[in-house]
Structures are given as structure tokens and as C-alpha cells.
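Note that our numbering has the sequence shown beginning at -17, numbered continuously upward.
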Amino acid sequence: MPELPEVEALTRFLTTRVSGRRVERCELGAIAALKTFDPPLASLVGREARSVTRRGKYLCMDLDGEWLVMHLARGGWVKWKDKLPADTLRPSRSPLALRMGLAGGSGFDVTEMGTEKRLALWVVADPEEVEGLATLGVDPLDPSFDTDTLARLLADASGNVKTVLAAQSIIAGIGNAYSDEILHVARLSPFKPARNLERDEVDRLHGAVVGVLGEAVARAVGQEASELKGNKKRSMRVHGRTGESCPECGDVIREVSFATKSLQYCATCQTGGKPLADRRLSKLLR
Ligand SMILES: [Zn+2]
-17 MPELPEVEAL TRFLTTRVSG RRVERCELGA IAALKTFDPP LASLVGREAR
33 SVTRRGKYLC MDLDGEWLVM HLARGGWVKW KDKLPADTLR PSRSPLALRM
83 GLAGGSGFDV TEMGTEKRLA LWVVADPEEV EGLATLGVDP LDPSFDTDTL
133 ARLLADASGN VKTVLAAQSI IAGIGNAYSD EILHVARLSP FKPARNLERD
183 EVDRLHGAVV GVLGEAVARA VGQEASELKG NKKRSMRVHG RTGESCPECG
233 DVIREVSFAT KSLQYCATCQ TGGKPLADRR LSKLLR
């Protein structure tokens, strides 16, 4: 699932390839992915791409005053093609959601793998018209995101620190994978109530947010879009590594499962050596 670092890298990747180029074709494969109907998708054809920017996990493409906003959700991706297939994309159940072709024959496909179809596209006059984007919280890579800001956000939030880190309306761009990584670096239990963090814990958490995301962006930027996914997986310390050894202490990495996803952590590094109860299991046993 692309999170802030991958979307940031995709943004910069697309910026270098589309800026100043004219859109020659724009075709929809997944009807349900397009959330707006006016202006129509076809109105993007003939326009010149001015810039590509990121807001949280949203990709925003400025096409001469009209915007294509994309949210890649869990299984979405952008695939760049130096030579786009000539055949017109037709609505189907294939993973192809959108195809945009640029003057000169190159372009990109937006795809979504998996059965859960959550990828979303909007054509708008202003990205702020997209509801989830307009309500985004602070960007953790913005220089204004300091320890005091984080302390204030945590103090005002209900829920555990894992949930708060991944809440887009509080901090924009962090999802399930990077929140696991951040909490491991900060040596914090994912289930600790956010508002109960001591000042030194907030300090550690702030350092971990900025450090983990900053390193991930530095690693991701400059990579081809096709390399980003695999490299993200390989760079993870605990996320997706259930049963492997913690890179810090060698303890086994444990997992807590939820309905559709799971979190990973190290008990020695994060919970004083005490394994967390598997919530799904606890529920079944109750
Ligand atoms: Zn450990």
C-alpha cells in the first residue's frame, strides 16, 4: 500500500515526466473509481500538465487549471510506459483503472490489484473539493511539524498511538506499514493511549516520525515507479516480518491481527517484553 514516501516519490517521478506535456488521451477502465462526473474525464484531453503535487497520500495533477486527483488506496499503483499501448482502454474488470497518454506516445496506467476496489479518482477545479483531502491533518514532512505540534495533536486525540498516527485527519500520509516502523523506532507500544504519552515519549515519537519518513523518502526518490513497491517491502524493520528476528534485539517479531490487516511489533523493544493479546483471538474466546 503506497504511503507518504512512495506517493512523494511517485509525485516527483511523474513531475519529471509529465510537466509541460500535453494530454493526448485519458481513458477509464474502472468506472467505479471515478468519483466525479462534471467536469468529465475527457475535458483533460488537450490540456498541458503543469505540475504534480502530493497532499497526504493523494496525488494531485494540475492540468492547466483542472485537476486530476488520485488516491491509490491499498492496491493501487502508477505504471509509467515510454510507449503506451495504442488500443483504447475500455471499462472492464481488469486491474487497469485509468490510462493517460501524453504527446509523444508515452504515458501511464493507473492499476489496482486485489479484490477490494478502493482506488479513487476525481476531476475537479480545485483539489480542496475532494472531501478526504480537504480534511487532511498536518504533513509530517512540513518544517512546522515539531515536537510541540505532535504533543498537542496527541493530547487532543482519543484512541491508541497506532490509530492516531494513521488517522489522516490528524497526521496526513502515514498508514499501517510506516506506523509500525515508527513505533518500533520510538520503542512504544502501539496500544498505548495517545494522550498518555510522557514528554520524553513524544520526543522519541517525533524523532521516529521524521526520521523514518525522511529516510524512506530519501531512499524512494529517484527510483523508477516499478521499483518502489519491492524496495519498500525490503526496507521494513518489523512491518510484514512476523516470525523474523527484530533487527535491534533479536527477539521474534510478533503480530496482532485485525479483520483485514495486522500490525507487527517487537515485545522486547516496545512492550516491556509482554506480548500483546491478539484482539481477534481475544474476541473469539470471550
Ligand atoms: Zn526488538
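Backbone N, C-alpha and C define an ideal beta-carbon position, used for all residues, glycine too.
Which value, in whole angstroms, describes the spacing of the CA atoms of residue 52 and residue 247? 31 Å
Give me the residue from 6, 240 and 160 with the minimum Cα distance to residue 221. 160
So, is residue 0 buried or exposed, given that buried needs 16 or more other C-beta atoms within 10 angstroms?
buried
Bounding residues of the beta strand (DSSP E) (the contiguous stretch that carries residue 273)
Shown here, the chain extends from -17 to 268; a query on residue 273 therefore has no answer.
_Residues near residue 171 in its chain [Cβ-Cβ closer than 6 Å; skip 5 each side]_ = 252 and 253
Residue from 59, -3 and 66 with nearest C-alpha to residue 30: -3
Please find out if some non-hydrogen atom of ligand 1 comes closer than 6 Å to the beta-carbon of residue 42. no
Original post:
In whole angstroms, what is the alpha-carbon distance linking residue 148 and residue 155?
Top reply: 8 Å
Worksheet entry | Ordered list of beta strand (DSSP E) runs contained in the stretch 214 to 241, each at least 3 residues | 235 to 239
Legend entry - For ligand 1, residues whose Cβ lies under 5 Å from any non-hydrogen atom: 228, 230, 231, 233, 248, 250 and 251
- request: With DSSP collapsed to three states, give me the class of residue 93.
  value: strand
Does DSSP put residue -1 in a helix, in a strand, or in coil?
helix
So what does DSSP say about residue 195, is it helix, strand or coil?
helix
- Could you tell me whether the stretch 131 to 149 touches the stretch 166 to 186, where touching means 3 or more Cβ pairs closer than 8 Å? yes
**Asked** In terms of residue numbering, what span does the beta strand (DSSP E) encompassing residue 35 cover?
**Response** 31 to 37
**Q.** Cβ shell of residue 168 (< 7 Å), same chain only, five flanking positions each side left out
**A.** 186, 187 and 190
Exercise. Between residue 88 and residue 61, which are expected to be in contact by the criterion C-beta below 8 Å, what is the C-beta distance as a whole number of angstroms?
Worked result: The pair is not a contact, with the Cβ atoms about 12 Å apart (cut-off 8 Å).
query = In terms of residue numbering, what span does the alpha helix (DSSP H) encompassing residue 114 cover?
reply = 113 to 116
Would DSSP call residue 7 helix, strand or coil?
-> strand
| For residue 103 versus residue 16, is the C-beta spacing smaller than 7 Å? | yes
Quick one: using the 10 Å Cβ neighbour count with 16 as the cut-off for buried, is residue 13 buried or exposed?
exposed
* **Cβ-based neighbour list, residue 195, same chain, cut-off 7 Å, excluding 5 preceding and 5 following** => -14, -13, 122, 123 and 160
To the nearest whole angstrom, what separates the beta carbons of residue 74 and residue 11, a pair I think is in contact under 8 Å? 6 Å
Exercise. Note down, in chain order, each residue of its chain lying with its Cβ closer than 7 Å to the Cβ of residue 218, except the 5 sequence neighbours on either side.
Key: 159 and 163
query = Going along the chain, which residues of its own chain have a beta-carbon closer than 8 Å to the beta-carbon of residue 208, five neighbours each way excluded?
reply = 61 and 62
As a quick exercise: from 70, 79 and 180, pick the residue whose alpha carbon is nearest that of residue 133.
180
Cutting at 6 Å between CB atoms, please list the residues of its own chain near residue -16, excluding the five before and the five after it. 54
Can you check whether the CB of residue 33 is closer than 7 Å to the CB of residue 44? yes
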